[in-house]
Structures are given as structure tokens and as C-alpha cells.
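According to UniProt numbering, the stretch in the sequence shown is residues 1 to 152, in order.
Virtual Cβ for every residue (Gly too), placed ideally from N, Cα, C.
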Amino acid sequence: MDQEYQNILVPVDGSKESELALERAIFVAKRNGAHVDVLNVIDTRAMAYNFAGMSDGSIAYQLVDKSKEYLSKLLKEAKEKNDFDNMDIHIRLGNPKTIISFDFIHDHHNDMIMIGASGLSRMQRAVMGSVTSYVKRNAPVDVLVVRTAVDQ
1 MDQEYQNILV PVDGSKESEL ALERAIFVAK RNGAHVDVLN VIDTRAMAYN FAGMSDGSIA
61 YQLVDKSKEY LSKLLKEAKE KNDFDNMDIH IRLGNPKTII SFDFIHDHHN DMIMIGASGL
121 SRMQRAVMGS VTSYVKRNAP VDVLVVRTAV DQ
């Protein structure tokens, strides 16, 4: 029996791997008539660590603005290159692991997560742990870890 996904979540972080996941999600969504939610989670734990808690809030606003620019660019590219517009962009602040695995999919009723193999360096994975590993172990929906482009 073929599973037809209707609401796919794609977390993106600016990495090549996350953009490959988005490309794959668009391909699957077009074939199934599905919707794609593109999510960028701004990790507030890293913000507190990097800025030693001395933020007056303007840093968060700057990060949200950068995220909006990035997500808008992805939305525009999906429309122009793939003729796909059944897509919404979202920004959340917090822990990417729990937001992707539980909070967002609960709020938006996603039935699949397509996530890049890894957006972190080896050092970042050692310190913070891999978001991808956490999501694939804990999310209550199907998770596809994307490692290759659609045409490969």
C-alpha cells in the first residue's frame, strides 16, 4: 500500500543538506498534491551562549529578519524553478529538536518530516547533538532523512 503524504514539514537551517530536503519535499508534494511547511528554528540556547545573555532583544529581531529573508528566497525559488506554491514558511524560536519533533507537527498536523542529513559541523554535533538524529528517533510521524538531490 502506498502512503500518500498530505502535509510535509521541512526544517531548514541554511545548509546544503536542508535545501536538498526541501527540493525532495517539493518533488514529493507535487506528485501527491501535498502541502509543504518550511520551518526555520532559531535556537535560543545558542543565542544565550554566544551572547552571554546580554541581549536586549535586538539580536533576536535581527535573527528573525534574516530568517524571513532566507525563507522568502526559498519560497520565491520554489515558485520560479519548480512551479510550486503550495508552501508556507514559518519561524520559531526555541530548541530545534523539540519544536521539530513535537510542537510544530502538533500545531500544523504534519504527517511527514523530510530533513537534511545534518546541518551541523562535527564539533557542533558533539556539543549540541544532532537535530536530525533526535528527530528521527522521537518524532511521532514518518521521517525521511535526505542525503541526495532529486536527480541522483
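- Task: Go to residue 59, then tell me how far its alpha helix (DSSP H) extends in each direction, as first and last residue.
- Result: 58-82
- Message: With distance defined between alpha-carbon atoms, name the residue in 4, 17, 134 nearest to residue 150.
- Response: 17
- Item | Reduced DSSP category for residue 35 - H, G, I as helix; E, B as strand; rest coil | strand
- Task: Helix, strand or coil for residue 149, going by three-state DSSP, please let me know.
- Result: coil
- Message: For residue 105, report the span of its alpha helix (DSSP H) as first-last.
- Response: 104-108
- Message: What does DSSP give as the partner residue(s) for residue 9 in the beta ladder?
- Response: 37, 113
- Task: If I'm right that residue 105 touches residue 40 with Cβ under 8 Å, what's the distance once you round it to whole angstroms?
- Result: Rounded, the Cβ-Cβ distance is 15 Å, inconsistent with contact.
- Message: Let's see if you can read the secondary structure: which residues bound the alpha helix (DSSP H) around residue 133?
- Response: 131-138
- Item | Straight-line Cα distance separating residue 139 from residue 102 | 6 Å
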